[in-house]
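Asker: Can you keep this structure in mind? I'll have questions shortly.
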Amino acid sequence: MATSVGVTGTQLSRAQWVFAFALVTSLFFTWGFAYGLLDVLNAHFQTVFNISKLQSTLLQLAYFGAYFVFSPFAGMFMNKYGYKKGIHVGLGLYSLGAIFFWPSAKFQKYGGFVGCTFVIGCGLSALEVAANSYIAVLGSPKYAAARLNFSQGFQGIASFAGPMIASRWFFLGKNATSLDTVQWVYLAVAGLGVVLNILFYFCDLPEISGDALADEMHEVGLTNDDEPFWKQYRCIFGW
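For the sequence shown, the positions run 2 to 240 when this note's numbering is used.
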């Protein structure tokens, strides 16, 4: 990695660690909620735009296609500029895509929603690269899996809560055939992204370097002999 200075999670004070961990974990809830809204939007757009199920799957194609296209670039960006800047980029794209739901709804352009969903997906793919990496290194490597499982639990909660909230309160009654609620929901989503971005900007979130992490992992005996991936048979075959 390009960065050679920084701290690892085990070098943080307890207060620093709790705040950093909570803030990064909030990102898991953020993309879980966005994913949860996707299926509800799919069904809602079938009604509003009178499109087929096949046409409505363009939303899923845009969302998951963004992960496929953008994730490698997000990883390269993080390697060069750091995890924290990657989070800023991810939240920026997330908010940008969400706020452009407003004109897409105003002019009733389904293609606009598909494009916005792609931008949101790009932002979320960057957040997943950054947040998963951050949680993994934000503490002792011995407990990285436990931290990831805990944080990803909030993603599961949000994925369940998102469609339940949307289907019961956002798109019922007169809103079932209207795009007005979509405008306000995604304006709020964009606002959440902006608030989180500001919090990450002003908080004293430590940058974590690859060199410091490698030294820490070596100390606890979790390093190998830097074998290339194709020689890491346990990783490839899962045994």
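Using N, Cα and C, we set each Cβ at its ideal position, and we do this for glycine too.
1) Express the C-alpha separation of Gly194 and Leu42 in angstroms, rounding to a whole number.
2) Around the C-beta of Gln109, are 16 or more other C-beta atoms found within 10 angstroms, so that it is buried, or is it exposed?
3) Who are the near neighbours of Phe161 in its chain, counting only those whose CB is closer than 6 angstroms to its CB and skipping five residues on each side?
4) Put Gly1 into one of helix, strand or coil per three-state DSSP.
5) Check this for me: beta carbons of Leu139 and Phe22, under 8 angstroms apart or not?
6) The alpha helix (DSSP H) that contains Leu173, what's its start and end?
7) To the nearest angstrom, how far is it from the Cα of Phe203 to the Cα of Val183?
8) Go to Phe101, then tell me how far its alpha helix (DSSP H) extends in each direction, as first and last residue.
9) Once the 5 residues before and after Tyr135 are set aside, which same chain residues still bring their CB inside 6 angstroms of it?
10) Alpha carbon to alpha carbon, what distance is there between Asn176 and Leu128?
11) On the three-state DSSP scale, how would you describe Asn198?
12) Three-state secondary structure (DSSP) at Glu208?
13) Can you tell which of Leu173, Thr118 and Ala137 has the C-alpha that lies nearest to the C-alpha of Arg148?
14) If you check the beta carbons only, do Ala1 and Gly122 fall under 8 angstroms apart?
15) Considering just the uninterrupted stretch of the alpha helix (DSSP H) at Ile158, what are its terminal residues?
16) Determine the extent of the alpha helix (DSSP H) in which Gln17 is found, giving its start and end residues.
17) Output yes or no for whether 8 angstroms exceeds the beta carbon distance between Phe114 and Phe71.
Answerer: Well, looking at it:
1) In the sequence shown, residue 42 corresponds to position 41, counting from 1. In the sequence shown, residue 194 corresponds to position 193, counting from 1. Approximately 19 angstroms between the Cα atoms of the pair.
2) The residue labelled residue 109 in the question sits at position 108 within the sequence shown. Gln109 should be labelled exposed.
3) By one-based count along the sequence shown, residue 161 stands at place 160. Excluding residues within five positions, none has a Cβ falling inside 6 angstroms.
4) This structure cannot speak to residue 1, because the chain is shown only from 2 to 240.
5) The residue you call residue 139 lines up with position 138 of the sequence shown. The residue you call residue 22 lines up with position 21 of the sequence shown. It is a contact, given that the beta carbons lie within the stated cut-off.
6) Your numbering for residue 173 matches position 172 in the sequence shown. Premise fails: Leu173 is in no alpha helix (DSSP H) and is neither H nor E.
7) As a first step, residue 203 must be located in the sequence shown, where it is residue number 202. As a first step, residue 183 must be located in the sequence shown, where it is residue number 182. So the alpha carbons of these two residues sit roughly 30 angstroms apart.
8) Position 100 of the sequence shown, counted from the start, is the residue given in the question as residue 101. No alpha helix (DSSP H) holds Phe101; DSSP gives it neither H nor E.
9) Locating residue 135 in the sequence shown gives position 134, counting from the first residue. Hits under 6 angstroms: Val25 and Tyr84.
10) The residue given as residue 128 occupies position 127 in the sequence shown. The residue given as residue 176 occupies position 175 in the sequence shown. When rounded, the distance between both Cα atoms is 31 angstroms.
11) If you number the sequence shown from 1, residue 198 lands on position 197. Helix at Asn198.
12) The residue you call residue 208 lines up with position 207 of the sequence shown. In the structure shown, Glu208 sits in coil (DSSP, three-state: anything other than H, G, I, E or B).
13) Stepping through the sequence shown from its first residue, residue 148 is reached at position 147. Check the Cα spacing between Arg148 and each of Leu173, Thr118 and Ala137: the tightest is with Ala137.
14) For residue 1 there is no data in the structure shown, the boundaries of the chain being 2 and 240.
15) Taking the sequence shown and counting its residues from 1, one reaches residue 158 at position 157. Ile158: member of the alpha helix (DSSP H) spanning Ala145 to Ile166, first to last residue.
16) As a first step, residue 17 is located in the sequence shown; it is residue number 16 there, counting from the start. If you look at Gln17, you'll find it in the alpha helix (DSSP H) that goes Arg15 to Phe50.
17) Residue 114 sits at position 113 when you count from the first residue of the sequence shown. Residue 71 sits at position 70 when you count from the first residue of the sequence shown. For Phe114 and Phe71, no; Cβs fall outside 8 angstroms.
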